[in-house]
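In the numbering used here, the protein residues as written are -16 to 171. All C-beta atoms in this analysis are idealised placements derived from N, C-alpha and C, irrespective of residue type, glycine included. All of these numbers come straight from a predicted model, not from anything done at the bench. One structure is given here, and the rest of the page talks about it.
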């Protein structure tokens, strides 16, 4: 979905109409926000405990990517009025907006050919434990680490499910006590 949003945003930013460009940038930004959320989540779901803090590196890489994107703009430089029709002014920004499109295409191709499986947590939530074990064996070369991480995911999923269940029970009780107070106020 994030790749589709990115493609739509890139296509809109390549149109030379100001308002279309603005809408494209908004969609582009939503896609970037989705990537900055989904990538660390995937890393947290698949990485070993001692490597999970490395998921924060994605935020550093995003910041460096923004720096690179702004640095590419330095190639334009100062422009005189007689240079308004030059390549740098008319078409350089197309390249800046299109680079993420190429990266996204590579990512989609990899997802369709190499990484064709769901995330381990999704596999657990769907009750596909055999597939979970297979995926973890693909991710980890050591079968013991794969089993350890699979067991962690199962335990974490069960704890999360229990917390959500208790949250629902507590929310119901709070709503019922709120309803009783409303009835008491209505009687007064």
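Quick check on the burial criterion: 16 or more other C-beta atoms within 10 angstroms. Buried or exposed for residue 50?
Locating residue 50 in the chain shown gives position 67, where the first residue counts as 1. Exposed is the call here.
Please report the residue range of the alpha helix (DSSP H) in which residue 116 lies.
Translated into positions along the chain shown, residue 116 becomes position 133. It spans 112 to 122 - the alpha helix (DSSP H) in which residue 116 sits, taken as one unbroken run.
Can you name, in chain order, every residue of its own chain whose Cβ lies under 6 Å from the Cβ of residue -9, other than the five neighbours on each side?
Start at 1 with the first residue of the chain shown, and residue -9 comes out as number 8. Excluding residues within five positions, the ones whose Cβ falls inside 6 Å are 10.
Could you have a look at residue 96 and say whether DSSP puts it in helix, strand or coil?
Walking along the chain shown from the start, residue 96 turns up at place 113. Helix, per DSSP.
Pair every Cβ in the region 130 to 149 with every Cβ in the region 99 to 112, then say whether three or more of these pairs are closer than 8 Å.
Touching, yes.
Which class does residue -2 belong to by DSSP, given the choice of helix, strand or coil?
The sequence position of residue -2 within the chain shown is 15, counting from 1. Coil, per DSSP.
Would the region 121 to 135 and the region 145 to 153 be scored as touching if the rule is three or more Cβ pairs under 8 Å?
Cβ pair count under 8 Å is below three, so no.
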